[in-house]
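Here the protein sequences come in this chain order: R and Y.
According to my numbering, the first sequence is numbered sequentially starting from 83.
According to my numbering, the second sequence is numbered sequentially starting from 1283.
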Amino acid sequence: MKKFTVLLTIFLVLALPIFAGGEKESGDSVKTVHYYSMWNEAEPQGMVLAEAAEAFEEQSGIHVEINFNGRNIRKTLEPAIQAGETIDIFDEDIERVSFTWGQFIQPLDDLAAKVYPTTNGKPYESQINSTLVKLARSFTEDGSLSVIPYQPFMFAFMYNKALFAKAGITEVPKTQEEFEEVCRKLMAVGITPVTVDDGYMCDFFGYNIDRMIGSEKTIEMANNNDFSDSSVLKFGQIWEEFSKKGYMSAKAASNIYPACQVQEMAPEKVAMNLNGTWLPNEVSTSNPNIEWGTFAYPSISPEGDGIEANNIGSQSFAINKDSKCREEAFQFIVFVTTGEYDQKLADDSNGAPMDINNTWPKVLSEAEAAFNSTTTRLPWAVGMENLAEVNAKIKENFSKLIAGSINAQEFYENMNK
Amino acid sequence: MKPNRKMIIVFLVPALLCYLIVFLYPSIRTFIMSFFNVAGLSDSVTTWTFAGFGNYKTIFHDRMFQQSMKNICKIWLYGGLGVMLISLVFAVGLTSGMKGFKFFRSVIYLPNVISAVAMATMWIYYVYNSDYGFFHKFLAFFGFTKASQILWTGPAHLFSSMLVAYCFGMVGYHMLIFISGIEQIPVSYHEAAKIEGANVVQRFFYITLPFLKGTVRTNIVMWTIFTVGYFVWGQMFSPDNLSNQTVAPMNYMYELVFGASSPARTVRNSGAGAAIGIVMMVMVLIAFGLTNLLVRKDDIEL
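Encoded structure:
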């Protein structure tokens, strides 16, 4: 009896962990789609997608189980898929999905060629933003469409229209000279023209260099960690002068992300910030009343790119290559990227729609024009974030330049150490 | 009562299993991974390719890793000196019979209890803010206008600001260790010394400090472990991407293993990340060994 008691105790103690832990293989029927989302439940995008899932289920009978990971999905998706968790749809930045998670995705051309209830009787692919579809195809070796873009964005100057009006500025700048004139007018009425924080200093630097020598040389500079080109010295000279004149906020030297948007743009202390078109949405919780405008980074030199070259991108959906409900999953993707819920996603998140028949929100009307006139797509930060060492070097020296603790020549020398 | 060996085994097995699965297996896997080229942390072993000491060579030649090592050496040395001195002073002061011992002990320990994320947020967005922050207003109030305009999170002060904020939260922890060491010193030694005419300072240097050798060793080892595992504060002071002033090896390892927040960088290198982890472990072992060698524990003669 004693032996039996001991054995039973051992068995119970060891068996306990079997009942712990979450669900793995749910054993759901084909009518449930599992969506591993990059959004938080409380974010506008999360709330709209949850609502869309309910509406989708009412219309189609297909249940969408959403797991709101937030940006933590960058760490959790791969282990989850490799552990065998049932995931049909996942999303994140288009490059991250296409490259980092490329091994988990599958071509969707056949599904994109079909007609759906929300595509006005036309093939789905013809009803969504063709620029981004082209971009998505460019990320695959065979040109297949393996990710479905949504929430398009552009990296450009986001500005406060009311502050521009106060300074008597009626047109956005397209050249460096016009940009300097805009800064001068803003300073004249006591408004700080530009700000940045450590999250976007590399983008700022990258765009400047691109406008001086073009994207190919800029990316090469970044990838080779070779800053000997004279454009680096010229960048130092421009922003040393602009910082002395007060065109760049003095606080920018100490801004830790997201300080520039929260502490300077939201309280309307500064007029312009080089950021993504998601900025109005991110600032709306602090100040929903800002009238936003957008303009592409002005051209600087004829040897560089002009305002037609910009970093554009999007988030994107992908379907797990091992998904057992591929068609149902794609139907949900179509449901949220066309028609009513695509518009709602755009409106509620101050984001851009994917459906070509939907309208961009008012805060992004100028962004729409700039986006559509982009003919050259620049990579993120024009490559200046590709290497951790380069990223850190730019941040440190640009901060020092803004603070005035180094001059342009010292900036150039430090960038070449 | 005879020890029941079978029951001991029954109750030890779950703890042992937890240790093996949650601690030992990942440690061994990390050690092995450091000798292979591995992209994703959870990639199948069949995708690993042998790299020998390649990952170690890569990280030791990597400027970001070199910078992170410089940073934790500075944190260990300067932060350690500051924290040990201040916590020792607090410990001696609180155990000298002052009133409100329990209250002050709790207050000084409180920052250590609060989440590091909350503390760092408070420091960055309140204490160091150059518009409305505590330092700005305090210094401006007393007429130190130039000092009040210091950009505490600017490039010149970012590292030291982060270090001060970190050390502020660590003083309480080390103070408690010193207090427990001081409270073990037999009171009779202090009484005898008082009778012989020794003052407070003499009693501190000739009685308290010698008895605290073991405690000092414990504090150094704990401080070393915390320094090697330095992560949250580096993340908070540079949340979006790595900075030269705030990067620690754990921050760099995190970026190598899980990828950067920037979508531009889609490549991960878990093998190099694992190598960093092993290097950190070796550093702790070396520090522990050196501390044991240099600070010998004397037996207390009673």
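Even for Gly, the Cβ is constructed at its ideal location relative to N, Cα and C.
Using a Cβ cut-off of 7 Å, pull out every chain R residue sitting near residue i, in sequence order please.
{"i": "GLY1322/Y", "result": "GLU160"}
{"i": "GLU1537/Y", "result": "ALA470"}
{"i": "PHE1540/Y", "result": "ARG156 and LYS157"}
For residue i, count neighbouring C-beta atoms within 10 Å of its own C-beta (all shown protein chains included) and say buried if the count is 16 or more, exposed if not.
{"i": "GLY386/R", "result": "buried"}
{"i": "GLU107/R", "result": "With a pLDDT of only 43 at GLU107/R, under 50, the local geometry of the prediction cannot be trusted, and the value read off the model is given with reservation. So GLU107/R ends up on the exposed side."}
{"i": "ILE376/R", "result": "A quick correction: the sequence has Thr, not Ile, at residue 376/R. Buried."}
{"i": "THR457/R", "result": "exposed"}
{"i": "ILE1354/Y", "result": "buried"}
{"i": "ALA218/R", "result": "buried"}
{"i": "THR1328/Y", "result": "exposed"}
{"i": "LYS475/R", "result": "buried"}
{"i": "VAL254/R", "result": "buried"}
{"i": "ARG153/R", "result": "exposed"}
{"i": "TYR1408/Y", "result": "exposed"}
{"i": "MET1380/Y", "result": "exposed"}
{"i": "ILE230/R", "result": "buried"}
{"i": "ASP404/R", "result": "exposed"}
{"i": "GLU1537/Y", "result": "buried"}
{"i": "THR252/R", "result": "exposed"}
If you follow the beta strand (DSSP E) that residue i is in, where does it begin and where does it stop?
{"i": "ILE1558/Y", "result": "Counting along the chain, ILE1558/Y falls outside any beta strand (DSSP E), though it belongs to the alpha helix (DSSP H) covering 1552-1576."}
{"i": "MET354/R", "result": "352-358"}
{"i": "THR182/R", "result": "Per DSSP, THR182/R belongs to no beta strand (DSSP E) and is neither H nor E."}
{"i": "GLU174/R", "result": "171-175"}
Which residues bound the alpha helix (DSSP H) around residue i?
{"i": "ASP191/R", "result": "191-194"}
{"i": "TRP1515/Y", "result": "1514-1519"}
{"i": "GLN164/R", "result": "155-164"}
{"i": "ALA411/R", "result": "408-419"}
{"i": "THR367/R", "result": "Taken as a continuous stretch (DSSP letters only), THR367/R belongs to no alpha helix (DSSP H), as it is neither H nor E."}
{"i": "GLN1348/Y", "result": "1345-1356"}
{"i": "SER336/R", "result": "Taken as a continuous stretch (DSSP letters only), SER336/R belongs to no alpha helix (DSSP H), as it is neither H nor E."}
{"i": "PRO126/R", "result": "126-142"}
{"i": "PRO1296/Y", "result": "1287-1300"}
Can you confirm whether residue i, when its beta carbon is compared against all beta carbons of chain R, has any partner nearer than 8 Å?
{"i": "ASN1523/Y", "result": "yes"}
{"i": "TRP1505/Y", "result": "no"}
{"i": "LEU1294/Y", "result": "no"}
{"i": "ASN1526/Y", "result": "yes"}
{"i": "GLY1553/Y", "result": "no"}
{"i": "MET1346/Y", "result": "yes"}
{"i": "GLY1559/Y", "result": "no"}
{"i": "SER1430/Y", "result": "no"}
{"i": "SER1544/Y", "result": "yes"}
Counting contacts by CB-CB distance shorter than 8 Å, is residue i in contact with chain Y?
{"i": "TRP442/R", "result": "no"}
{"i": "ASN473/R", "result": "yes"}
{"i": "SER336/R", "result": "yes"}
{"i": "LYS333/R", "result": "yes"}
{"i": "PHE493/R", "result": "no"}
{"i": "ARG156/R", "result": "yes"}
{"i": "TRP360/R", "result": "no"}
{"i": "GLU364/R", "result": "no"}
{"i": "TYR289/R", "result": "no"}
{"i": "GLN164/R", "result": "yes"}
{"i": "TRP462/R", "result": "yes"}
{"i": "TYR423/R", "result": "no"}
{"i": "GLU467/R", "result": "yes"}
{"i": "TYR198/R", "result": "no"}
{"i": "TYR339/R", "result": "yes"}
What residues of chain Y sit near residue i, judged by a beta carbon separation below 9 Å?
{"i": "LYS542/R", "result": "Residue 542/R is absent from the model: chain R starts at 83 and stops at 499."}
{"i": "GLN209/R", "result": "The premise fails here: GLN209/R is roughly 26 Å from chain Y at the closest Cβ pair, so nothing lies under 9 Å."}
Name, please, each residue of chain R whose Cβ falls closer than 9 Å to the Cβ of residue i.
{"i": "GLY1516/Y", "result": "Going along chain R, no residue has its Cβ under 9 Å from GLY1516/Y, so there is no contact; the nearest lies around 12 Å."}
{"i": "SER1462/Y", "result": "In chain order: nothing, as chain R lies at least about 35 Å away."}
With 8 Å as the threshold, decide whether the Cβ of residue i is near any Cβ in chain A.
{"i": "SER1316/Y", "result": "The chain inventory of the structure shown lacks chain A, comprising the protein chains R and Y."}
Mind listing the chain Y neighbours of residue i? Cutoff is C-beta to C-beta under 8 Å, in chain order.
{"i": "ASP280/R", "result": "SER1520, ASP1522, ASN1523 and SER1525"}
{"i": "ALA485/R", "result": "LEU1433, GLY1436, PRO1437 and ALA1438"}
Which bits of chain Y does residue i rub up against, with CB to CB less than 7 Å?
{"i": "LYS477/R", "result": "SER1525"}
{"i": "TYR118/R", "result": "Near TYR118/R there are no residues of chain Y at all, since even the closest Cβ is about 15 Å away, more than 7 Å."}
Original post:
Taking any Cβ of chain R, which residues in the segment 1379-1412 of chain Y have a Cβ under 9 Å from it, in chain order?
Top reply: Under the 9 Å Cβ criterion, the segment 1379-1412 of chain Y contributes ILE1406, TYR1407, TYR1410, ASN1411 and SER1412.
**OP:** With 7 Å as the C-beta to C-beta threshold (strictly closer), list the residues of the segment 177-196 of chain R near chain Y in chain order.
**Re:** Taking a C-beta cut-off of 7 Å against chain Y, the contacting residues of the segment 177-196 of chain R are GLU177, ARG178, PHE181 and THR182, listed in chain order.
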